[in-house]
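Q: Numbering (the working numbering), first residue to last: 39 to 160.
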């Protein structure tokens, strides 16, 4: 039980710098955990509190990214030993979207980028 409480407390203590050092994204995504590579639905931060231990470990050690108010970080990176290391791993939602070639809308839906190429006619 102490480990669960410590894990929850640590997550929110580490998440605080994310919320205070925000950068403007084109469309801010809802705060939560995102599995961008597979386009699965996001897990809201509030749901993290009510998740069981296995679900929390899966979110923190899986391929999820935590987005808070336009700032983003790989979920496993919030478990780093120092704040300096955590802040060095932070990025913006916009950069994360560019990296994975996706767009996250205001409802938290992850979509493939809508880029296209145009061929010229000679």
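Here a beta-carbon is modelled for each residue, glycine too, at the ideal position from N, C-alpha and C. Because the structure is a prediction, the values reported are computed rather than measured.
Using only alpha-carbon positions, find the residue among 75, 73 and 82 that is nearest to residue 145.
A: Walking along the chain shown from the start, residue 145 turns up at place 107. It is 82 whose Cα lies nearest to the Cα of residue 145.
Q: Nearest to residue 139 by alpha carbon, out of 74, 130 and 92?
A: The residue you call residue 139 lines up with position 101 of the chain shown. It is 74 whose Cα lies nearest to the Cα of residue 139.
Q: Pop quiz: residue 123 and residue 66 are said to be a contact at Cβ under 8 angstroms. What is the actual Cβ separation, rounded to whole angstroms?
A: The residue you call residue 123 lines up with position 85 of the chain shown. The residue you call residue 66 lines up with position 28 of the chain shown. So it is not a contact: roughly 25 angstroms between Cβ atoms.
Q: Distance, Cα to Cα, residue 88 vs residue 98?
A: Taking the chain shown and counting its residues from 1, the one referred to as residue 88 is at position 50. Taking the chain shown and counting its residues from 1, the one referred to as residue 98 is at position 60. Rounded to whole angstroms, residue 88 and residue 98 show a C-alpha spacing of 14 angstroms.
Q: Tell me the DSSP bridge mates of residue 86?
A: Counted from its first residue, the chain shown places residue 86 at position 48. Answer is none; residue 86 lacks a bridge partner.
Q: Taking 9 angstroms as the threshold (C-beta atoms), are residue 110 and residue 92 in contact?
A: In the chain shown, the residue the question calls residue 92 occupies position 54. In the chain shown, the residue the question calls residue 110 occupies position 72. No, these two residues do not count as a Cβ contact at 9 angstroms.
Q: With which residues is residue 106 paired in a DSSP beta bridge?
A: Indexing the chain shown from 1 puts residue 106 at position 68. Beta-bridge pairing links residue 106 to 109.
Q: With burial defined as no fewer than 16 other Cβ atoms inside 10 Å of the residue's Cβ, what is the status of residue 143: buried or exposed?
A: Locating residue 143 in the chain shown gives position 105, where the first residue counts as 1. With fewer than 16 Cβ atoms within 10 Å of its Cβ, residue 143 is classed as exposed.
Q: Given this structure, state the Cα-to-Cα distance separating residue 100 from residue 118, to the nearest angstrom.
A: Residue 100 sits at position 62 when you count from the first residue of the chain shown. Residue 118 sits at position 80 when you count from the first residue of the chain shown. Distance between the alpha carbons of residue 100 and residue 118 is about 15 angstroms.
Q: For residue 150, list the residues DSSP reports as bridge partners.
A: Within the chain shown, the letter at position 112 stands for residue 150. The partner list for residue 150 (beta bridge, DSSP) reads 140.
Q: Per DSSP, residue 99 is paired with what?
A: For the purposes of this step, residue 99 is taken as the residue at position 61 of the chain shown. According to DSSP, residue 99 bridges with nothing at all.
Q: If you follow the alpha helix (DSSP H) that residue 125 is in, where does it begin and where does it stop?
A: As a working note, residue 125 is residue 87 in the chain shown. Residues 121-127.
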